[in-house]
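**Q**
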Amino acid sequence: MSEPPAPTPYQPWFSRRPGLALVGVAMMFVLITVLRIWLGADASVGVTLLYVVPTSLSAMAWGRVAGVIAAGLSITLLVLWVLVAGVDLNPLGWAARVVPILLAGLLLGDASDRLRRAEWARLHQRERELLHRQAVEVNDSLLQGMAAAKWALESGNHELGLRTLNDTIETGQTLVSRLIRDSRMGPTD
Numbered sequence: 353m354s355e356p357p358a359p360t361p362y363q364p365w366f367s368r369r370p371g372l373a374l375v376g377v378a379m380m381f382v383l384i385t386v387l388r389i390w391l392g393a394d395a396s397v398g399v400t401l402l403y404v405v406p407t408s409l410s411a412m413a414w415g416r417v418a419g420v421i422a423a424g425l426s427i428t429l430l431v432l433w434v435l436v437a438g439v440d441l442n443p444l445g446w447a448a449r450v451v452p453i454l455l456a457g458l459l460l461g462d463a464s465d466r467l468r469r470a471e472w473a474r475l476h477q478r479e480r481e482l483l484h485r486q487a488v489e490v491n492d493s494l495l496q497g498m499a500a501a502k503w504a505l506e507s508g509n510h511e512l513g514l515r516t517l518n519d520t521i522e523t524g525q526t527l528v529s530r531l532i533r534d535s536r537m538g539p540t541d
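Using our numbering, the first residue of the sequence shown is number 353, and each one after it goes up by one.
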């Protein structure tokens, strides 16, 4: 009656090691900012677009909220560079830098959240299907045993009917006990 465990879904490294991912994201933000300031006020060097990488990693690792927060941090660091280096960006220059970063955080984060919800729903559905199959098995076993006991009692074979009924009760207790044990919950949980 117990099913083999479902294969564990693949989890990327940043889901398995969120602390390492956080350190990596922080280091990328620092390195990109230092590089951007070190290269000076040349707006034609597209270093600020590298903020898409830590923003995307944040979004994939922790979802939409984290992606938007990382995008906000990226944009803040971009503004810091503009102020420190005295760069004059026109609206197109701002849009070319801000929009990809913001969209990466928002869209990848949303996709990451949706993937998590879909995986949870898949696992929940699998559990429901297993419980349904187990309930059908218990029901069939008990009904067949009771029908056989009834037939034996109606035909006048009281000894067989009582034995079949006792066996059915014992089988029912065994099946239900196994279901309770397999659920890892006690009888009163």
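Glycine is no exception: its CB is placed at the ideal position from the N, C-alpha and C atoms.
What residue does the alpha helix (DSSP H) around A483 start on, and which one ends it?
**A** Note on identity: in this sequence residue 483 is Leu, with Ala being the wrong assignment. 461-506 is the extent of the alpha helix (DSSP H) around L483.
**Q** Three or more C-beta pairs closer than 8 Å, one from the region 401-409 and one from the region 374-383: is that the case here?
**A** Touching, yes, given that three or more Cβ pairs across the two stretches are closer than 8 Å.
**Q** Enumerate in chain order the residues of its own chain whose CB-to-CB distance from G415 is below 6 Å, with the five nearest sequence positions on each side excluded.
**A** So the qualifying residues of the chain are G461, S464, D465.
**Q** Counting pairs of Cβ atoms below 8 Å between the region 416-430 and the region 442-459, do you hit three or more?
**A** A contact exists between the region 416-430 and the region 442-459.
**Q** Just to confirm the assignment, what range does the alpha helix (DSSP H) spanning L458 have?
**A** Run containing L458: none; DSSP gives neither H nor E here.
**Q** Taking 8 Å as the cut-off, decide whether the C-beta atoms of R449 and L391 are in contact.
**A** Going by C-beta atoms, R449 is not nearer than 8 Å to L391.
**Q** Leaving out the 5 sequence neighbours to the left and right, which residues in its chain are closer than 7 Å to T523 when beta-carbon positions are compared?
**A** Excluding positions up to five away in sequence, the list reads S493, G497.
**Q** Hey, how far is the Cα of E511 from the Cα of Q486?
**A** Cα-Cα distance, rounded: 30 Å.
**Q** Got a sec? Which residues, its chain only, sit under 8 Å from D541 by beta carbon, not counting five neighbours each side?
**A** Any reading at D541 must be qualified, since the residue scores a pLDDT of 49, below 50, and its modelled position is unreliable; no value is offered.
**Q** Can you tell me the Cβ-Cβ gap for T526 and A501, rounded? I've got them flagged as a contact below 8 Å.
**A** At roughly 17 Å, the Cβ-Cβ gap does not stay under 8 Å, so T526 and A501 are not in contact.
**Q** Between the alpha carbons of E471 and V488, how many angstroms are there, rounded?
**A** For E471 and V488, the distance between alpha carbons rounds to 26 Å.
**Q** Taking the beta carbon of I532 as the centre, do at least 16 other beta carbons fall within 10 Å, making it buried, or is it exposed?
**A** With fewer than 16 Cβ atoms within 10 Å of its Cβ, I532 is classed as exposed.
**Q** What alpha helix (DSSP H) runs, 4 residues minimum, are completely inside the region 361-445?
**A** Qualifying alpha helix (DSSP H) stretches, in chain order: 365-368, 370-390, 404-414, 416-437.
**Q** In the structure shown, what three-state DSSP assignment does N509 receive?
**A** Correct three-state label for N509: coil.
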